[in-house]
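K.L.:
Take a look at the following structure, please.
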Amino acid sequence: MINADTLLNYKPDYYKNSEVIKNLDEASADQINALAKKLENIYNQFFILTLDTELEHKEKEFGVKIDRTLSLFERRYRLLPKNRGQGTATIEMIKSVAKSFADEVDVIEDNSHYAFTLSLLSEHGYPYKLDSLYNSIEELKPAHLNVSYLMTSQTKEKINIGTTTLCGETITVYPYKAKEIEGNVKVELSGALDTQYEIVTVYPKEG
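Quick note: the sequence shown uses our numbering, first residue 13, plus one each step.
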């Protein structure tokens, strides 16, 4: 977004205290922002996933029945298979259409039975109606081939598990001979594994 200060920075310093110039820049900034918004909207109409004002026109172009009860996102996703399915039917073309609805797609051929299976794996579920997919594949595939669907919805979660280990040992040493040892000595040693604690106590013995 452009504001009056942005425009003022392009002008000589002696304009910065002018109320007239300030008012002109504010009006100009409003017009520039409005124009930028219109240009952005026009640009969005060239892409299926950002269509809004031209959505019905594109639905008519692709022969998709207009259903205003659907959400904007659902209506856009109904157009994706049509847009991707233009051309001669091939395995790659079928995959391209199906990828509008799933994260991973594979086509399993069964030529001896004149059929194929369309395998779909989604990590986010299937939030949109699949009628568009079924209809698009039906229109795209050769008429003599039957199609079946294998649909998998996979949810990925991260689980963190933590453990704590607390252990220790006490060693008491009574030397048989002690020379020039006075008092009690207490030694504490810590280990590097999780949590360890070791105490060594030495009791000197006379004689």
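Just so you know, even glycine gets a beta-carbon here, dropped at the ideal spot from N, CA and C.
Keep in mind the model is a prediction, meaning the values are calculated, not measured.
Among Ile14, Gln166, Asp25, Ser160, which has the Cα closest to the Cα of Ser127?
P.N.:
Inspection of the sequence shows that residue 127 is occupied by Ala rather than by Ser. Considering only alpha carbons, the answer is Ser160.
K.L.:
Which same chain residues, not among the five before or five after Glu66, have their C-beta less than 7 Å away from its C-beta?
P.N.:
Counting only Cβ-Cβ distances below 7 Å, and skipping sequence neighbours, we find Gln57.
K.L.:
Quick one: residues in its chain with C-beta nearer than 7 Å to the C-beta of Val119, no 5 flanking neighbours on either side, listed in chain order?
P.N.:
Hits under 7 Å: Ile103, Ile106, Lys107, Phe128, Leu130.
K.L.:
Secondary structure at Phe74, three-state DSSP: helix, strand or coil?
P.N.:
Reduced to three states, the DSSP call for Phe74 is helix.
K.L.:
Would you kindly work out how many angstroms separate the C-alpha atoms of Leu61 and Asn53, rounded to a whole number?
P.N.:
In a straight line, the C-alpha of Leu61 is about 13 Å away from that of Asn53.
K.L.:
I'd like to know whether the C-beta atoms of Asp122 and Leu133 end up nearer to each other than 8 Å.
P.N.:
No, these two residues do not count as a Cβ contact at 8 Å.
K.L.:
According to the neighbour-count rule (16 or more other Cβ atoms, all chains shown, within 10 Å of its Cβ), is Asp64 buried or exposed?
P.N.:
When all chains shown are included, Asp64 counts as exposed.
K.L.:
Compute the distance between the beta-carbons of Asn35 and Ile14, then report whether it is under 8 Å.
P.N.:
No, they are not a contact pair.
K.L.:
Looking only at its own chain, which residues have a Cβ that is under 7 Å from the Cβ of Asn158, when we skip the five neighbours before and after it?
P.N.:
Counting only Cβ-Cβ distances below 7 Å, and skipping sequence neighbours, we find Tyr126, Ala127.
K.L.:
How long is the line joining the alpha carbons of Asp42 and Tyr55, rounded to whole angstroms?
P.N.:
Spanning the two alpha carbons is a distance of roughly 20 Å.
K.L.:
How big is the Cα-Cα spacing for Pro154 and Leu92?
P.N.:
Near 20 Å, if we compare the C-alpha coordinates of Leu92 and Pro154.
K.L.:
Could you tell me the distance, in whole angstroms, from the CA atom of Lys77 to the CA atom of Lys111?
P.N.:
Cα to Cα, the separation comes out at about 22 Å.
K.L.:
Note down, in chain order, each residue of its chain lying with its Cβ closer than 6 Å to the Cβ of Asp37, except the 5 sequence neighbours on either side.
P.N.:
Ala16, Leu19, Leu20, listed in sequence order.
K.L.:
Short of 8 Å in beta carbon distance, which residues of its chain neighbour Leu145, apart from the five on each side in sequence? Order them along the chain.
P.N.:
Answer for Leu145: Pro93, Val109, Ala110, Ser112, Phe113, listed in chain order.
K.L.:
Given that a residue counts as buried once 16 or more other Cβ atoms are within 10 Å of its Cβ, and exposed if not, what is Tyr89?
P.N.:
With 16 or more Cβ atoms within 10 Å of its Cβ, Tyr89 is classed as buried.
K.L.:
For Lys168, tell me which candidate among Leu162, Asn147, Gly137 has the shortest Cα-Cα distance.
P.N.:
Per the Cα distances, Gly137.
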